[in-house]
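All the letters of the sequence shown, read from the start, carry residue numbers 29 to 158 under the working numbering. For each residue, glycine too, the CB sits at the ideal point set by N, CA and C. Treat the numbers as computed from the prediction; the structure is a model and nothing was measured.
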Amino acid sequence: MMESARTGQATAETGTRVRAGERDESAGEGRLGIAELGVEPGERATLVQFSSAFCQPCRATRRILDEVAALVAGVRHIEIDAEKNLDLVRALGIEKTPTVLVLDAAGRIVRRAAGMPRKADVIAALGAAV
Numbered sequence: 029m030m031e032s033a034r035t036g037q038a039t040a041e042t043g044t045r046v047r048a049g050e051r052d053e054s055a056g057e058g059r060l061g062i063a064e065l066g067v068e069p070g071e072r073a074t075l076v077q078f079s080s081a082f083c084q085p086c087r088a089t090r091r092i093l094d095e096v097a098a099l100v101a102g103v104r105h106i107e108i109d110a111e112k113n114l115d116l117v118r119a120l121g122i123e124k125t126p127t128v129l130v131l132d133a134a135g136r137i138v139r140r141a142a143g144m145p146r147k148a149d150v151i152a153a154l155g156a157a158v
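Now the structure itself:
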């Protein structure tokens with residue numbers, strides 16, 4: 029549940045840890061763009077997923093984020109291989125996969141969750157970005 033977003037507490041259903049508004053000033057002055065992501069971000073918001081090759085929850089997270097991106101106009105899902113992008117992983121403090129960052133149109137991180145999110149929580153988190 030995104031209600032726990034401001035506290036950083038684990039959600040009851042999935043154990044996903046969600047934190048609001050975390051930004052890392054060393055990563056593009058708190059913004060992520062094409063240089064960091066490797067592709068153009070979404071027009072209204074971007075769902076950035078950090079994954080690893082043998083991460084089973086990453087596959088389910090990919091499906092959820094793809095579905096949400098297809099539902100909401102101007103939202104793009106970008107998956108980043110954490111093992112191949114260690115500098116970015118370290119700069120952003122990514123500690124496990126999957127980790128999902130919700131970026132607004134300017135590329136600022138407005139929400140972050142570690143673990144597999146629920147579809148409803150992703151949709152709610154997009155409200156902070158669009």
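Pairing ARG104 with THR127 gives a Cβ-Cβ distance that is not under 7 Å. Uninterrupted alpha helix (DSSP H) stretches at least 4 residues long and entirely within the segment 63-106 occur at 84-99, given in chain order.
Within the DSSP secondary-structure output, ASP132 pairs in a beta bridge with ALA73. Counting every other CB atom within 10 Å of its CB across the protein chains shown gives ARG118 a total below 16, marking it as exposed. With a beta-carbon spacing of about 14 Å, ILE108 and VAL130 fall beyond the 8 Å limit used to define contacts. Less than 7 Å separates the beta-carbon of LYS124 from that of ALA142. Around SER80, the same chain offers ALA110, GLU111, THR125 as residues with beta carbons nearer than 6 Å, after the five sequence neighbours per side are excluded.
By the neighbour-count definition (other C-beta atoms within 10 Å, threshold 16), VAL96 is a buried residue.
Here the alpha carbon of PHE78 sits roughly 16 Å from the alpha carbon of ILE62. The continuous alpha helix (DSSP H) containing ILE151 extends over residues 147-154.
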